[in-house]
DNA sequence: CTGAAAGCGCTTACAG
DNA sequence: CTGAAAGCGCTTACAG
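Protein chains in written order, with the numbering used here: chain A, 235 to 565; chain B, 235 to 565.
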């Protein structure tokens, strides 16, 4: 079996002629005489010794494992975030365990508990999220990252999504569009609520804009269908704000399928600025949120929390930036 | 600390009035009298007990953890595979730990050993891969999945990549193209070698085709640059076969950047058929390999190996399928 | 600085 | 069917 380690700290100790606890000390940076340390290090190197994580986390105060809860790994958004988190965690000698939507909330929680994660970065919160509450209820430190929950007792980090929505509306209005539509993200997601609010408020300020809303739920297929229906109505909108990039891709493709020219007949805007959006074939006008930075801050907040469990909660709001590309044009 | 479980099997045992070993038996399906089992189950449910994985894998024969070695998570290829693997593993009560290119080979190996993985699904093999050899060298069962290594002592599963290359060449030739280019994948990757071979052989059979090759290393940026250079030569090719879809996207975007019309001036073909390729905005002619099936078979081979360590090695080759879309046209 | 010992929470023979 | 005990490989006080 692969499981049982080929060599344990006891054997290292024997060969180095010291006690097992001494091996443990050189491994964990305890006080050891230079000569002893050198001798142990040699044997350690000889066998390329790797201490068993299972034993370590069974006895130690920490497992060194951080749970990361995401939704759909195939949304190009998440790989970017995960990679950024992995980098920060790895620099601290920590590992990451992924909980995706392949698991139910119950299964995800059970997993995080069985694994004994030190904390959780939660990226997929929705209003009254049962999983977020239950994780916290089990006393597992967590931070809300990317999507937040008002009043939730935890550190939180998100983009300035209200401004993102306002910037999108601003652009659409300045191009002269007045028949406007918005594809909403997932009900209950703070990003959807905030982007929607910013867009609506700014659109209302114009006075003469007509805003239609349809549901996309941050889902490609649902959006594709919804936008095809929208575009075949009597007087379709001339501009369409999608609350994230993936829905904007669906809209772009739906428009192509309907023979609606972008941006000549329809302007399309997204929100996120995933790398894909900069491709010439897509070239999506969107609002950039600092994806990697959000992920990094999420992890940093969690590590800070683990270091100082009683510090006051922090809530970071990161700036967004409008990115004009070629899917938008004057009405 | 989150780490220390709120309730352990000893406490469950006490409350149920049985020995701790009895709790273990109902947890693991040992023989227990119906009445006793019911009583224990009740207490288990009352606390929603979750046994510590650390303790379990420390003492048990298996950790229940499978390592999955991939390269770049941001290649849309991998999320699809990982999701498929997660599903199969989850159905067996197993978990997955990801090793990506955020880690060096040394770090990846150390991680897999410390974690005590029961086995590894290796998807990123290159010729003489040091990591694959070293994993095997440590006695950790592994299967080569998606990319293979001739003569490597392990179960292997891959697509019929030689045929994939042939099908691509066949299509290009039948459209009348004779000035042809191929963007090669990563040197040392079996997929690149096989797809290249199939394409070259079939192209050679035409007798009058001129084939140029450039390096893309399965990398978006490298391919983008290489294709821009290629398209600005005196007599650029009229058809371009990219050994995977990501490189084809780079080619499509590079062509757009150069003002080269696809498919009128340049036909572009990929290989993989990632979901993205079906988008109207991309609509890439490509050769489909059964992504999810490859992932599933990879996991199944590994589980089979764990069940029967001495079975003869299996080598599965899964069929591919040509998918004509709109990025190719007659010369 | 270093060793002997306890103990983390389980699974697995071993008795009965 | 069930309990008592050993032991997995470590970390962490506790002595010396």
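Backbone N, C-alpha and C fix where the C-beta goes; we use that ideal spot for every residue, glycine too.
Distances from the alpha-carbon of residue 405 of chain A to those of A/531, A/457 and A/505 put A/505 closest. Your pair residue 350 of chain A and residue 286 of chain B checks out as a contact, with CB atoms roughly 6 Å apart and the cut at 8 Å. Apart from sequence neighbours up to five positions away, the residues of its chain that approach residue 311 of chain B with a beta-carbon distance below 8 Å are 478, 479, 480, 506, 508 and 525, ordered along the chain.
Using a Cβ-Cβ cut-off of 9 Å, residue 246 of chain B is close to nothing in chain A; its nearest Cβ partner there is about 14 Å away.
Around the beta-carbon of residue 457 of chain A, 16 or more other beta-carbon atoms lie within 10 Å, marking it buried. Ranked by how close their Cα comes to the Cα of residue 500 of chain A, the residues A/488, A/511 and A/338 have A/488 in first place.
Per DSSP, residue 259 of chain A is one residue of the alpha helix (DSSP H) stretching across 254–262. Around residue 317 of chain B, the beta-carbon contacts reaching into chain A at under 8 Å are 307, 308, 334 and 336.
Cβ contact annotation for residue 393 of chain B (same chain, cutoff 6 Å, sequence separation greater than five): 523, 552 and 554, in chain order. Under the 9 Å criterion on CB atoms, residue 254 of chain B is classed as non-interfacial with respect to chain A. Proximity of residue 357 of chain A to chain B, defined by a Cβ-Cβ separation below 9 Å, is not satisfied. Along the stretch 485–512 of chain A, going in chain order, the ones with a CB nearer than 7 Å to a CB of chain B are 486, 487, 490 and 491.
By the Cβ neighbour-count rule, residue 364 of chain B is exposed, with fewer than 16 other Cβ atoms within 10 Å of its own.
From the beta-carbon of residue 275 of chain B, no residue of chain A is found nearer than 8 Å; the closest lies around 16 Å away. Counting along the chain, residue 473 of chain B sits inside the beta strand (DSSP E) bounded by residues 473–476. In this structure, the CA atom of residue 530 of chain B is about 27 Å from the CA atom of residue 559 of chain B. The Cβ atoms of residue 327 of chain A and residue 298 of chain A lie closer than 9 Å to each other. Contact of residue 522 of chain B with chain A is not assigned, every C-beta pair being separated by 9 Å or more. Look at residue 463 of chain A here: in three-state DSSP terms it is helix.
Against chain A, the CB of residue 401 of chain B has no partner CB under 9 Å away; the residue lies outside that interface. In the displayed model, residue 302 of chain B falls within a strand according to three-state DSSP.
Residue pairing of residue 416 of chain A in beta bridges, as defined by DSSP: A/447 and A/475. The criterion of a C-beta distance shorter than 9 Å is satisfied by residue 354 of chain A and residue 303 of chain A. Judged by DSSP in its simplified three-state form, residue 386 of chain A adopts coil rather than helix or strand. Secondary structure at residue 505 of chain A: coil, using DSSP grouped into helix, strand and coil.
Residue 439 of chain B sits in a helix when the DSSP states are folded into three classes. Contact between residue 402 of chain A and residue 381 of chain A is ruled out by a C-beta separation of about 18 Å, above the 8 Å threshold. Taking one beta carbon from each stretch, the stretch 435–448 of chain A and the stretch 406–423 of chain A have 3 or more pairs nearer than 8 Å; the two touch. Here DSSP, grouped into helix, strand and coil, assigns residue 432 of chain A to helix.
Sixteen is the threshold: since fewer than 16 other Cβ atoms of the shown chains lie within 10 Å of the Cβ of residue 442 of chain A, the residue is exposed.
Rounded to the nearest whole angstrom, the C-alpha separation of residue 269 of chain A and residue 275 of chain A is 10 Å. Contact annotation: the stretch 532–544 of chain A does not touch the stretch 240–257 of chain B, with fewer than three C-beta pairs closer than 8 Å.
Counting along the chain, residue 331 of chain A sits inside the beta strand (DSSP E) bounded by residues 329–333.
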